Each structure stands twice: as C-alpha cells, then as structure tokens.
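For reference, the structure is listed below as structure tokens.
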Amino acid sequence: MKPFLKWPGGKRWLISRYQHIFPDEFNIYYEPFLGGGSAFFHLQPDQATIADINKDLINTYRMMARHPEQLRRLLEGLQANHNPNHYYQVRNNIPENPIDRASKFLYLNRTCFNGMYRVNQLGQFNVPIGTKDQFIDDIDLFDEYSQALNNATIRTQDFVITIRSANLGFSSEH
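Just so you know, the working numbering puts the end of the sequence shown at 189, numbered straight through with nothing missing.
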C-alpha cells in the first residue's frame, strides 16, 4: 500500500528498488522516524510502534487512524476550493481542532512545493504552493490507511526514546 504522505528523505525509493531487503517476518515493528510511513505501509505489521518528533505529522496519523471518513470529507472540500489564494489562506490559518489541523497538514503536504515540510523561526509552515491541482486520488484508500494505523501505537517522541523502547521490547499505549 502506498503511503498517504510525501516526505523529504522518505523511504519510498528504497522500497521500490530493494523490497527484498525487508523482512517477511518480525515481532514488533518500530519506526523512530515515521515521516511518510513508506516502510510501515509496505510491511503493514500486525503490531507496531511508530513515532516522529513532529507533532503535526503525528496528529495527522492519529486522525487518519481514528477519523478517515471525516478527513476524506474535509479533503474533498479543500480540493473543491483549491487555488493559490485558498492555499495561502489555509496555510496561514491555525485550526484548534485536531481533525482540522490534520486536514490542513495533509492538504499542504499534497499541494505545497515538492511535499516539503519547512517552518520558520516562529514554527509557521512557509513552503510555497506547488503545481498539483488534483490531490485526492487516493481518498478511497483512507479506510485501509486507518486499518493499518489501528495496529500501531502512534507516538510523538524523539527517536532516542523509540529506539530505547525497541531495545527493551516495550510498546506503549496509543
């Protein structure tokens, strides 16, 4: 299954070229640098701890896991209104609701220049609009993304903590 996010430094290329190096069997999958989740979605583990330090990224994964239908509807609305003015309005808006923050994050990820993630010194996303006009071609897969994510503990944490928990054979709650 392809991931629903594009992420700089992602492993999508690795999976497409070197599938054979990924194990067929393992106990618990740990991902300390989740990003776009390419390896996670490729392996679709029965039990996993996935993590990243980026709280907006992790919120998006949590909302996809818990509310795929609502996220789908919000993205359809963003698609219907997509244009440069709308992009910059959405980019400058700071929603309080976690599902609205996730739809904003996913919209910006899919429509910004090259799927980049960059913030300024104030923590504000500042990547300009890209060239994509259509960005919801996979919304019929949102339930599958959700199902895969529901097998995972999703954490906002530093990679060191994730690696330590893997070394201890420990998996925490969602």
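All C-beta atoms, glycine included, are put in the ideal place defined by N, C-alpha and C.
Just so it is clear, the structure is predicted and the values come from calculations on it, not from any experiment.
According to DSSP, residues forming a beta bridge with Y45
As a position in the sequence shown, residue 45 is number 30, starting the count at 1. DSSP output for Y45 lists T64 as bridge partner(s).
Within 8 angstroms, do at least three Cβ pairs link the region 131-146 to the region 26-43?
Touching, no.
Mapping DSSP to helix, strand and coil, what is V175?
Taking the sequence shown and counting its residues from 1, the one referred to as residue 175 is at position 160. DSSP places V175 in helix when its eight states are reduced to three.
Contact set for Q59: own chain, Cβ-Cβ below 7 angstroms, skip 5 residues either direction:
For this step, residue 59 is matched to residue 44 along the sequence shown. Cβ neighbours of Q59 beyond the five flanking positions: M16 and A163.
Taking G130 and K21 to be in contact with their CB atoms under 8 angstroms, please state how far apart those CB atoms are, rounded to whole angstroms.
Position 115 of the sequence shown, counted from the start, is the residue given in the question as residue 130. Position 6 of the sequence shown, counted from the start, is the residue given in the question as residue 21. About 3 angstroms separates the two Cβ atoms, so the contact holds.
Check: G51 C-beta below 8 angstroms from any heavy atom of the ligand MG:
The model on display carries no ligand, and the ligand MG is accordingly not part of it.
Counting Cβ pairs closer than 8 angstroms, one from the region 93-104 and one from the region 163-172, do we hit at least three?
These segments do not touch.
For N107, report the span of its alpha helix (DSSP H) as first-last.
On the sequence shown, position 92 is the one that residue 107 refers to. In this chain, the alpha helix (DSSP H) harbouring N107 covers P99 to N107.
F15 - DSSP class collapsed to helix/strand/coil:
The requested residue 15 does not occur in the structure, where the chain is confined to residues 16 to 189.
Can you round the beta-carbon distance between I68 and G52 to whole angstroms, since I take them to be within the 8 angstroms contact cut?
Walking along the sequence shown from the start, residue 68 turns up at place 53. Walking along the sequence shown from the start, residue 52 turns up at place 37. Wrong, their Cβ atoms sit about 15 angstroms apart, outside the cutoff.
Pull up the DSSP beta-bridge partners for T168, would you.
By 1-based counting over the sequence shown, the position of residue 168 is 153. The partner list for T168 (beta bridge, DSSP) reads T64.
P83 and F157 look like a contact to me (Cβ under 8 angstroms); what is the Cβ gap, rounded to whole Å?
Position 68 of the sequence shown, counting from 1, holds the residue named residue 83. Position 142 of the sequence shown, counting from 1, holds the residue named residue 157. Indeed, because the Cβ distance is near 4 angstroms, the residues count as touching under 8 angstroms.
Residue of E159, P47 and L72 minimising C-alpha distance to Y132:
Start at 1 with the first residue of the sequence shown, and residue 132 comes out as number 117. That would be L72, whose Cα lies nearest to the Cα of Y132.
Same chain only: Cβ atoms within 7 angstroms of P113, ignoring 5 sequence neighbours per side
Position 98 of the sequence shown holds residue 113. For P113, where only same-chain residues beyond five positions count, the Cβ hits under 7 angstroms are N74 and M78.
Using the Cβ count rule (16 or more neighbours within 10 Å means buried), how would you classify T177?
Here residue 177 is taken as the residue at index 162 of the sequence shown, counted from 1. So T177 ends up on the buried side.
Leaving out five residues on either side along the sequence, give the residues of the same chain with a beta carbon under 6 angstroms from the beta carbon of N135.
The residue labelled residue 135 in the question sits at position 120 within the sequence shown. Closer than 6 angstroms at the Cβ level, and outside the excluded window around N135, lie N141.
Report the option in R179, L123 and Q172 whose CA atom is closest to the CA atom of F19.
Along the sequence shown, one-based indexing puts residue 19 at 4. Comparing Cα-Cα distances from F19 to each of R179, L123 and Q172, the minimum goes to L123.
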